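Enquirer: Heads up, my numbering is the position in the sequence shown plus 83, with the first residue counted as 1.
Below you'll find the structure I mean.
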Amino acid sequence: MAWCEANGVDYVSGVARNARLVRKIARQMRSRSRCVTTGRPSRRFRDFRHRTLTSWSRSRQVVGKAEVLPGLRGANPRFVVASLSGREIGARALYEDLNCARRDMENRI
84 MAWCEANGVD YVSGVARNAR LVRKIARQMR SRSRCVTTGR PSRRFRDFRH
134 RTLTSWSRSR QVVGKAEVLP GLRGANPRFV VASLSGREIG ARALYEDLNC
184 ARRDMENRI
């Protein structure tokens with residue numbers, strides 16, 4: 084990320100889930116009742132600044148996907164860090180359009 088930032092290269096990359104990140108999207112994760120009512124996955128997104136305790140040199144833009152799946156699967160929170168903010172492109176579009184396209188491309192390689 085630091086190299087990309089120093090060289091003007093935009094990036095979107097997955098971030099491992101941890102308790103600090105999950106707490107940041109706790110309100111959005113309360114969409115379980117919507118999932119139970121409709122029987123379909125419930126997804127909400129939140130854009131926020133985050134800094135790791137040791138590995139990142141500064142705070143960065145993170146988009147959290149607060150997803151609740153029907154049945155026993157339940158909560159499925161996911162996170163990406165990006166050079167673009169969710170406010171610039173929209174948190175949902177950043178996650179679903181840019182990140183999912185990047186992951187799909189990696190799967191095809």
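By construction, the Cβ of each residue, glycine as well, lies at the ideal position given by its N, Cα and C atoms.
Small disclaimer: the values here were computed from a predicted structure and weren't measured.
What residue ranges within the stretch 120–154 form continuous beta strand (DSSP E) runs of no fewer than 3 residues, ordered along the chain?
Expert: Segments of the beta strand (DSSP E) lying fully in the stretch 120–154: 125–133 and 143–152.
Enquirer: Helix, strand or coil: which one does DSSP assign to ARG175?
Expert: Counted from its first residue, the sequence shown places residue 175 at position 92. Correct three-state label for ARG175: helix.
Enquirer: Flag this pair as touching only if the stretch 151–160 and the stretch 170–182 have three or more C-beta atom pairs under 8 angstroms; answer yes or no.
Expert: As far as the Cβ criterion goes, the stretch 151–160 does not touch the stretch 170–182, which means the pair count is below three.
Enquirer: Should ARG134 and ARG123 be called a contact, given that it needs their Cβ atoms to be closer than 9 angstroms?
Expert: As a working mapping, residue 134 is identified with position 51 in the sequence shown. As a working mapping, residue 123 is identified with position 40 in the sequence shown. No. Outside cutoff.
Enquirer: Could you tell me the boundaries of the beta strand (DSSP E) in which ARG161 lies?
Expert: On the sequence shown, residue 161 is found 78 positions in, with the first residue counted as 1. Taken as a continuous stretch (DSSP letters only), the beta strand (DSSP E) holding ARG161 covers 161–165.
Enquirer: In this structure, does DSSP put ALA109 in helix, strand or coil?
Expert: Here the question's residue 109 lines up with position 26 in the sequence shown. Of the three classes helix, strand and coil, the one that applies to ALA109 here is coil, per DSSP.
Enquirer: Note down the Cα distance separating LEU152 from CYS118, rounded to an integer number of angstroms.
Expert: Taking the first residue of the sequence shown as position 1, residue 152 is located at position 69. Taking the first residue of the sequence shown as position 1, residue 118 is located at position 35. Taking the straight line joining both Cα atoms gives about 7 angstroms.
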